[in-house]
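Numbers 135 to 332, taken from my numbering, label the letters of the sequence shown in order.
Input: a single structure, listed below in structure tokens.
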Amino acid sequence: MATRTTSSGTSAARERLLATASELFYREGIHAVGVDRIIAEAGVTRATFYRHFPSKESLVEAYLGVEDANIKAAFETAEATGAEPAPMVDLVIEGLADDIARRHTRGCPFINAAAEYPDAASGVRTTVARHREWFRSELEQLLGAAGAPEPAESAAELVLLRDAAMVGGYLDGWDRVRPAFVASARRIAGVPGTSVGE
């Protein structure tokens, strides 16, 4: 029997498994959700699950890969506007704020996953570390191109600010946290044309 695929050419069963796991892992926690439940809710067989994901940890890594792609999309959307670097910083800040509002209302999926996988050498923690390094590096390059005086330091501060914003949004509500996040991010970026109130 032929494997059913999506319009992008990927396995439909794999995409269902990944979508189901992503929703459950983020909403309820990774260790709280068993493979049997994912299989049942995705409507696939156990053999199909293991054909696509040799272990639960490989599924967790794929879930984090989706989260990574979602964050990268915020940068790609900003770049697609063709804006100059300084205005692009503001577009990225707004894009990150929108991402938190739409997708990350229960905190950071990478921090949540790291909390459940304490072994820094695990595949999950390696995936988390790779994402965070990319995120920090991408911010540093963007800030440097925009003329920020200390792009590495500012990028590190923005990473911490985004971490805090996701936790604060979960605890206090994003409507309350978003203005503080955007204003603080603009101050940290310190790029002409992205000052508060513009």
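Ideal Cβ positions, reconstructed from N, Cα and C, are used throughout, including at glycine.
Spatial neighbours of residue i in its chain, beta-carbon cut-off 7 Å, leaving aside the 5 residues before and after
| i | result |
| --- | --- |
| CYS242 | ASP297 and MET300 |
Backbone CA spacing between residue i and residue j [nearest angstrom]
| i | j | result |
| --- | --- | --- |
| TRP308 | SER318 | 15 Å |
| HIS186 | ALA282 | 44 Å |
| GLY278 | SER189 | 41 Å |
| ALA181 | PRO219 | 49 Å |
| ALA153 | ARG321 | 36 Å |
| TYR251 | VAL167 | 14 Å |
| PHE183 | GLU274 | 39 Å |
| SER329 | ARG171 | Annotation note: pLDDT 41 at SER329 (below 50); position unreliable, no value reported. |
| LEU294 | ASP306 | 18 Å |
| ALA176 | GLY163 | 17 Å |
| ASN246 | HIS165 | 11 Å |
| ALA314 | MET222 | 19 Å |
| THR179 | ALA196 | 19 Å |
| ALA231 | VAL316 | 7 Å |
Three-state secondary structure assigned by DSSP to residue i
| i | result |
| --- | --- |
| GLY257 | helix |
| GLY324 | coil |
| SER145 | strand |
| ALA136 | Its pLDDT being 42, under 50, ALA136 is placed unreliably by the model, and the measurement read from it follows with that caveat. Coil at ALA136, not helix or strand. |
| PRO313 | helix |
| HIS165 | coil |
| THR179 | coil |
| SER189 | coil |
Cβ neighbours of residue i in the same chain (closer than 6 Å, five flanking residues each side left out)
| i | result |
| --- | --- |
| GLY303 | ILE234 and VAL311 |
| ARG148 | HIS186 |
Own chain, CB closer than 8 Å to residue i, minus 5 neighbours either side, in chain order
| i | result |
| --- | --- |
| HIS265 | LEU198, GLU201, ASP202, ILE205 and PHE244 |
4-residue-minimum alpha helix (DSSP H) runs that sit fully inside the stretch 210 to 294, ordered along the chain: With a minimum length of 4 residues, the continuous alpha helix (DSSP H) runs that stay inside the stretch 210 to 294 are 219 to 237, 243 to 250 and 257 to 279.
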